[in-house]
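Colleague:
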Amino acid sequence: MKIIMLGAPGAGKGTQAKMIADKYGIPHISTGDIFRANIKEGTELGQKAKTYMDQGLLVPDELVVDLVVDRVGKEDCANGYVLDGFPRTIPQAESLDAALDKLGEKIDFALNVEVPDENIVNRMSGRRACVSCGATYHIVHIPTKVEGICDRCGSELILRDDDKPETVQKRLGVYHEQTQPLIDYYKAKEVLVEVDGTKDMQDVFTDIVNILGA
-10 MKIIMLGAPG AGKGTQAKMI ADKYGIPHIS TGDIFRANIK EGTELGQKAK TYMDQGLLVP
50 DELVVDLVVD RVGKEDCANG YVLDGFPRTI PQAESLDAAL DKLGEKIDFA LNVEVPDENI
110 VNRMSGRRAC VSCGATYHIV HIPTKVEGIC DRCGSELILR DDDKPETVQK RLGVYHEQTQ
170 PLIDYYKAKE VLVEVDGTKD MQDVFTDIVN ILGA
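Going by my numbering, the residue at position 84 of the sequence shown is 73; the numbering climbs one at a time, nothing skipped.
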């Protein structure tokens, strides 16, 4: 079962991807993890990626696809995988499809966790992070015992710049511009499935399992 996770930043797709991977015994793969693993192992692809990253440049699509295809060719992906955060653009999706096609494989499901922008802004602006131990909370969903103080270590909590409404709006703008077209792309391929991401996390997962099959 080869699955691609789609959804705006803060929609909860990473959490669902991990839960899918655990339930079905398949790897949860993010491009960040692939980059780190290849750089750590000193592979040729990893060294190429590091050259770009050290200069603060984006790793080119062609190289990202090579890294992803190399990863999904590993033994632990024999029964499938969950791709999280890739592809992000149509060219990446087309390159991935072409590479998989050569292997006689294809994506089975593109799961879009659908959450309105307004919900995401509210969800993310309610997050709080501990300045010392890094624990994360939410003022509504995961409140601390004492407001503004970490339960774990007693340090102060902050609203990270990444979670400020204006930053979230910018990230959503980039997402809609770049990644939204992927939804149409996978719809045309007849593999797109949408789930309501505004529900409780466990209910979203139940909906996903109903789609994928027990």
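Note that the Cβ used here is the ideal one computed from N, Cα and C, for glycine as well. Note that this is a predicted model, so its numbers are computed, not measured.
Three-state secondary structure (DSSP) at V135?
Modeller: coil
Colleague: Based on Cα-Cα distance, which residue from V71, R117 and D189 lies nearest to D11?
Modeller: V71
Colleague: Cβ atoms of G115 and A0: under 8 Å apart, would you say?
Modeller: Going by C-beta atoms, A0 is not nearer than 8 Å to G115.
Colleague: If I follow the unbroken beta strand (DSSP E) through E166, where does it start and stop?
Modeller: Unbroken run through E166 is the alpha helix (DSSP H), P154 to Q167; no beta strand (DSSP E).
Colleague: With distance defined between alpha-carbon atoms, name the residue in L146, V110 and S121 nearest to P(-2).
Modeller: Among L146, V110 and S121, the Cα nearest to that of P(-2) belongs to V110.
Colleague: Measuring CA to CA, which of T78, H165 and V120 is closest to G137?
Modeller: V120
Colleague: Taking the beta strand (DSSP E) that R25 belongs to, which residues open and close that run?
Modeller: Looking at the DSSP string, R25 is not in any beta strand (DSSP E); the run it does join, the alpha helix (DSSP H), is T20 to E30.
Colleague: Mapping the DSSP letters down to three states, classify V120 as helix, strand or coil.
Modeller: coil
Colleague: Can you round the beta-carbon distance between I15 and M(-10) to whole angstroms, since I take them to be within the 8 Å contact cut?
Modeller: 7 Å
Colleague: Per the contact definition of three or more C-beta pairs closer than 8 Å, is the stretch 147 to 155 in contact with the stretch 66 to 81?
Modeller: no
Colleague: Of the choices F98, D189 and G202, whose alpha-carbon is the least far from that of V104?
Modeller: D189
Colleague: Whole angstroms is fine: what's the gap from Y175's alpha carbon to R60's?
Modeller: 22 Å
Colleague: K2: buried (16+ other C-beta within 10 angstroms of its C-beta) or exposed?
Modeller: buried
Colleague: Taking the alpha-carbon positions, what's the V57 to D192 distance?
Modeller: 30 Å
Colleague: In the DSSP output, what is V71 paired with across the bridge?
Modeller: I(-8) and H17
Colleague: Could you tell me which uninterrupted alpha helix (DSSP H) segments, each at least 4 residues in length, are contained entirely in the stretch 33 to 57, listed from first to last along the chain?
Modeller: Counting only runs of 4 or more, we get 33 to 43.
Colleague: As a quick exercise: from N108, N101, M8 and S19, pick the residue whose alpha carbon is nearest that of P154.
Modeller: N108
Colleague: Where does D189 sit, in a helix, a strand or coil, going by DSSP?
Modeller: The answer is coil: DSSP assigns D189 none of H, G, I, E or B.
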